[in-house]
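Chains as they are written, first to last, in the working numbering: chain A, 6 to 487; chain B, 1368 to 1859. For each residue, glycine too, the CB sits at the ideal point set by N, CA and C.
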């Protein structure tokens, strides 16, 4: 039997507000344990939450960016459960009336198509602290620095059928959050965490199978792996006549397996009810308009613009708009080089490769957009062959100066002077009479191969600087004529 | 000023004496501590004393008084209910759970009253976590009623009420979630005001039921209540539910006449639940107000009976989650040698919380549980709205609603301890006011067999001014508020 995988995703996005969602404590990662937790975050007696209006603005920005319906009146609720890293014994979340309601998000896929994902809702809530299990023997530490970090939990409909779709969605979400500046998007630090609801059904069936929820998957790679391994597990269970238990599972990256959480950890009745310490969030049209007018150019708009303005493919455009920094880099370089397609190829090819090799982000690139444009200009005007261009790029990477300066210093100028090249061609023909005879005697299809020999010789003589097209034309003409 | 009047005069009178140099804040503070030393061992109204800091505050107040920079509350001694967080001073909520808790911050009410120049003498006893109507559930033992040591002072602010009645301090703070200021004020013969929900910041008050809790003054006169409310009121950026409204001058209009004032009399407040002798006292009091030109109007509050069930779902539901933070992890009581996390939670909470607190946590948890939420909590929310609407309709016909504050006078210690439902009925006339968020005032209306009776006045939302004016008028034309317990035989 063939199976169809059905998935819905819940993403917890940490919002990059200066302070926490309900307190004035700093919202930053990496401090010493418990130094960024104030009395409110610690759930001290008598302390009360005060809503951070920036968190609301970020949520509204997100809602507008995905054309969602906004909850004009949204309400916080308490989600009750006991855990040492949950100081109050409840998490303040939005259960009954979220701030962001239905929306849709189009995800660019590798094949250039757009995959629509329906967003069910997105709501504001506070993050919990962290239990530290490995630092003490027989004891567990609690670090409450993270307690009260604002989260936007973004929930989708069960629209995903493949891991590729799920990952593409997460990447697009990550990109959108970066554009909006609402999250630092640092996945290694837990800024974006994903829960995967996954079930299988016979291909062609309309009914959903029983699902499991894989909690807290922290990287695109792990999402892909977790989906693969859970699909395999569910398929094995179903094909051996078993049934899937609706449960929460953990993905263990080290063992590459999912396993059920202990029932005690999940058998919670959260007893949601409206949080009496906070007033409802009321947002009016005026507020929404103000937030909308301050929105940056969104990825999907920029993508469409890159396609029409720079004649890029859907796929290249999608890659280039991934982050605002990369998109700006491209636009600067493309505008200065006046060769957008070539610029796109260089950024997505050699530059991306070099950055990847040295584990650098685009904003850390030793080659500025202006420098790269200088190189592209010289490729476009035939000063450089693609081979020479790679050498110049290396020079730029080593920060030896502008492309022109490197060309000058390294003497890498392509020989396009017909006279100079003709002399070199003549010399090579004169030096290799046997090969000339061979060439002339050969059939046309073999001549092509033999031509390579002469090209090589001239290239060697020109130290690689001969313009390949010009050289070819000259050689063919000379070899035929005599 | 005579030593005796230092412990029986109103804050307003004491303030005048201080300004006139007839006494000093230090002398006044010492007189209060003397009264506490003499009678608190029997009454047990005060559970923490701050003698050293109080004497320092009194001396500072005297400097302000002599410099002419004093306000109306400068140098006036006061006690805080032990539900208000006080920086570096134990704040226990009268629970074993918090006997070791010393907050590093002051409640907004505490800092505002301190800024007004009051002298904090200590903290008062209460029902554990403010859950009770008799101050019998305190881990520090019962507080006795100064009018009759065999009787309860009411609760949960019973320590505060007993302290003001017994001459320990002219002012005390209280909190009122379902009647916890007004009922003990009634039973101890003092003035107690529960302001409109949102009038006074809840920041730093240990939460019982967040949508109902409100702090207010417990005093010897309405005039003092106005003075104290003035200092306590106003929006607080730290409490999202505090009202961003301009605070009126509560003392300015106190002396205005009440001619033409319409007083609504809800028939539901004079039903079979009420001790008929209390009903007579209330009618006598109303007649006094009629003599002053007020007009009585019959009104209906049809959902009064349902108020109890509604309250005893909403308040425990909120309490059940407010008290989840006491888990033995970060502060408060922790059991010895926990075997594992569940054991830590179960034993810390079982040992730290008393019976009534545990009962309410269980009731509240049940009311919020999956499958019961709609039948209990949601239904209670709906009835709560109906109760609010009852009041709104009533206030179309009157300016103030009057009735008893409690169904009877103080009852004997232990009389209702084993009968929670009988205890819950103590709040039948007060808790609807909390559900509707309205202001309510209890003032002495005379004695029955030597025990005080309280008249309750209920006002429109944020109209404490009318309540205070009516109450003050009553105290101008009667002397019930001047009756004092003899404290005979109180000395151990």
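{"query": "Three-way DSSP call (helix, strand, coil) for residue 1803 (chain B) in this model", "result": "helix"}
{"query": "Supposed close pair residue 1762 (chain B), residue 1668 (chain B) - CB separation, criterion 8 Å", "result": "Incorrect: roughly 11 Å between the Cβ atoms, too far for contact."}
{"query": "Beta-bridge pairing of residue 1439 (chain B) - partner residues as DSSP gives them", "result": "According to DSSP, which records beta bridges pairwise, residue 1439 (chain B) is partnered with nothing at all."}
{"query": "Neighbour-count burial assignment, residue 6 (chain A), 16 or more Cβ in a 10 Å radius", "result": "exposed"}
{"query": "Start-end ranges of the beta strand (DSSP E) lying completely within the region 1398 to 1437 of chain B, minimum 3 residues", "result": "1413 to 1416"}
{"query": "Assigned exposure category for residue 301 (chain A) - 16 Cβ within 10 Å defines buried", "result": "exposed"}
{"query": "Through-space distance from residue 1634 (chain B) to residue 1775 (chain B), alpha-carbon basis", "result": "17 Å"}
{"query": "Entirely enclosed beta strand (DSSP E) segments - the region 1490 to 1553 of chain B, minimum 3 residues", "result": "1538 to 1543"}
{"query": "Member of A:67, A:53, A:44 and A:24 whose CA lies at the smallest distance from the CA of residue 18 (chain A)", "result": "A:67"}
{"query": "Short-range partners of chain B found in the region 63 to 88 of chain A, where Cβ spacing is below 9 Å", "result": "83, 85, 86, 87 and 88"}
{"query": "Residue 284 (chain A) - DSSP class collapsed to helix/strand/coil", "result": "coil"}
{"query": "Best match in A:91, A:138, A:401 and A:322 for proximity to residue 414 (chain A) [C-alpha to C-alpha]", "result": "A:401"}
{"query": "Within 8 Å, strictly: CB atoms of residue 1460 (chain B) and residue 1473 (chain B)", "result": "no"}
{"query": "Reduced DSSP category for residue 1447 (chain B) - H, G, I as helix; E, B as strand; rest coil", "result": "strand"}
{"query": "Contact check, residue 367 (chain A) vs residue 331 (chain A), beta carbons under 8 Å", "result": "yes"}
{"query": "Where residue 1708 (chain B) meets chain A, residues with beta-carbon distance less than 9 Å", "result": "87, 88, 89 and 145"}
{"query": "Where residue 77 (chain A) sits in the DSSP three-state scheme", "result": "coil"}
{"query": "Proximity test, residue 172 (chain A) beta-carbon vs the ligand SAM heavy atom, cut-off 7 Å", "result": "Absence of the ligand SAM is noted for the structure shown, with no ligands found whatsoever."}
{"query": "Closest by C-alpha distance to residue 237 (chain A), when choosing among A:374, A:442, A:225 and A:262", "result": "A:262"}
{"query": "Cα-Cα separation, residue 269 (chain A) to residue 253 (chain A)", "result": "For residue 269 (chain A), the predicted model reports a pLDDT of 48, less than 50, meaning its position is unreliable; a value from the coordinates is still stated below. Between residue 269 (chain A) and residue 253 (chain A), the C-alpha separation is close to 11 Å."}
{"query": "One or two residues paired with residue 1758 (chain B) in a DSSP bridge", "result": "DSSP lists no partner for residue 1758 (chain B)."}
{"query": "Partner residues on chain B for residue 274 (chain A), Cβ-Cβ distance less than 7 Å", "result": "1736 and 1737"}
{"query": "Buried versus exposed, by CB contacts within 10 Å (16 or more), residue 1619 (chain B)", "result": "exposed"}
{"query": "Where residue 1577 (chain B) meets chain A, residues with beta-carbon distance less than 9 Å", "result": "53, 280, 281 and 282"}
{"query": "Under the three-state DSSP convention, the category residue 269 (chain A) falls into", "result": "Unreliable placement is indicated for residue 269 (chain A), whose pLDDT of 48 sits below 50; the coordinate value is still reported in the next sentence. Here residue 269 (chain A) sits in helix by DSSP."}
{"query": "Exposure of residue 1374 (chain B), with buried meaning 16 or more beta-carbon neighbours within 10 Å", "result": "buried"}
{"query": "Terminal residues of the alpha helix (DSSP H) in which residue 1566 (chain B) lies", "result": "Counting along the chain, residue 1566 (chain B) falls outside any alpha helix (DSSP H), and DSSP gives it neither H nor E."}
{"query": "Cβ shell of residue 94 (chain A) (< 8 Å), same chain only, five flanking positions each side left out", "result": "48, 85, 86 and 87"}
{"query": "Cβ pair residue 1661 (chain B), residue 1576 (chain B) closer than 8 Å", "result": "no"}
{"query": "The region 1697 to 1715 of chain B contacting the region 1819 to 1829 of chain B, beta-carbon criterion three pairs below 8 Å", "result": "no"}
{"query": "For residue 5 (chain A): DSSP bridge partner residues", "result": "With chain A covering only 6 through 487, there is no way to say anything about residue 5 (chain A)."}
{"query": "CB of residue 124 (chain A) within 8 Å of CB of residue 101 (chain A), strictly", "result": "no"}
{"query": "Backbone secondary structure at residue 49 (chain A) - three-state DSSP", "result": "coil"}
{"query": "Cβ-Cβ separation, residue 90 (chain A) to residue 134 (chain A) (assumed contact under 8 Å), whole Å", "result": "4 Å"}
{"query": "Residues that residue 1608 (chain B) contacts on chain A, provided the C-beta gap is smaller than 9 Å", "result": "53, 281, 282, 283 and 284"}
{"query": "Sequence-distant residues of its chain with Cβ nearer than 8 Å to residue 1781 (chain B) (five each side left out)", "result": "1503"}
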